[in-house]
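Undergrad:
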Amino acid sequence: MKKYILYFLILSTVYSCTKGDYQNNKIISEDDEIYVENLLMLINIQNSDSTYLITHRIDSLSIYINDSLWGYFSSSEIDTAKINKEQSGNYFFSNNKQNYFFIGNVLAENEFETVGDYATFMNAYNTLKPGDYVCMIESYQIVDINGLRKTFYPYKYFPFSVEENVGSMYIGEINLNFN
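With the sequence shown counted from 1, adding 6 to any position gets you our numbering.
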């Protein structure tokens with residue numbers, strides 16, 4: 007009799023530990039509403055003489071939404087060799103406006119090794135429900151022609167509204183001053 011009980015316990019343990027057919031990777035909500043997870047924006051940096059900064063990429067753009075850190079992001083890289091530009095100090099500038107494209111998205115990881123990994127993900131996970139918000143750009147970094155990285159602090163605020171059932175939100179074109 008003990009052999010049958012032991013055999014039954016081993017079989018039940020083996021079958022209860024299978025992965026199963028659960029394929030859904032949605033860990034936040036099971037409802038059908040879509041919340042904004044990506045902020046899209048174009049940023050240009052204008053000098054005091056009305057020329058625009060030309061650089062390969064803007065790095066470490068810190069974005070806050072309603073005083074909560076959304077994240078640090080870098081722009082898409084551009085090929086500046088094809089842009090008509092002039093050197094001024096340690097930077098290049100152009101009379102033509104140059105926009106840099108940013109996607110401020112949420113942390114996309116959904117595989118965790120520890121409970122701490124999951125807690126970190128949940129604390130960093132940002133979504134925006136429909137409504138009005140204020141975005142602040144606190145800082146960004148640029149590498150000059152000598153390869154030195156410099157941080158700028160524009161503290162630029164601007165409002166935007168989120169519509170219902172939108173996964174990505176275009177905030178707009180933002181002009182920052184080069185100081």
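For each residue, glycine too, the CB sits at the ideal point set by N, CA and C.
Determine the extent of the beta strand (DSSP E) in which isoleucine 109 is found, giving its start and end residues.
TA: Taken as a continuous stretch (DSSP letters only), the beta strand (DSSP E) holding isoleucine 109 covers 106–111.
Undergrad: Quick check: the segment 102–109 against the segment 54–66, are there 3 or more CB pairs under 8 Å?
TA: The segment 102–109 is in contact with the segment 54–66.
Undergrad: Shortest alpha-carbon distance to glutamate 43 belongs to which of Ser66, Ile16, Gly77, Leu67?
TA: Out of Ser66, Ile16, Gly77, Leu67, Gly77 has the C-alpha closest to the C-alpha of glutamate 43.
Undergrad: How far does the beta strand (DSSP E) with glutamate 92 in it extend, from its first residue to its last?
TA: Where glutamate 92 is concerned, the enclosing beta strand (DSSP E) stretches over 92–94.
Undergrad: What's the call for glycine 173, buried or exposed, on a 16-neighbour Cβ count within 10 Å?
TA: Result: exposed.
Undergrad: Grouping DSSP H, G and I as helix and E and B as strand, with all else coil, what is tyrosine 161?
TA: In this structure, tyrosine 161 counts as coil in the three-state DSSP scheme.
Undergrad: Excluding five sequence neighbours on each side, which residues of the same chain lie with their C-beta closer than 6 Å to the C-beta of tyrosine 176?
TA: So the list reads Leu46, once near-sequence residues are dropped.
Undergrad: Assuming leucine 48 contacts isoleucine 151 under a Cβ cut-off of 8 Å, what Cβ separation, rounded to an integer in Å, is found between them?
TA: No, leucine 48 and isoleucine 151 are not in contact; Cβ-Cβ is about 24 Å, not under 8 Å.
Undergrad: Which class does serine 56 belong to by DSSP, given the choice of helix, strand or coil?
TA: Coil at serine 56, not helix or strand.
Undergrad: Relative to the C-alpha of asparagine 53, which candidate in Lys88, Ser100, Met7, Thr157 has its C-alpha closest?
TA: For the residues Lys88, Ser100, Met7, Thr157, the minimum Cα distance to asparagine 53 belongs to Ser100.
Undergrad: Tell me the DSSP bridge mates of phenylalanine 79?
TA: Paired residue(s): Leu67.
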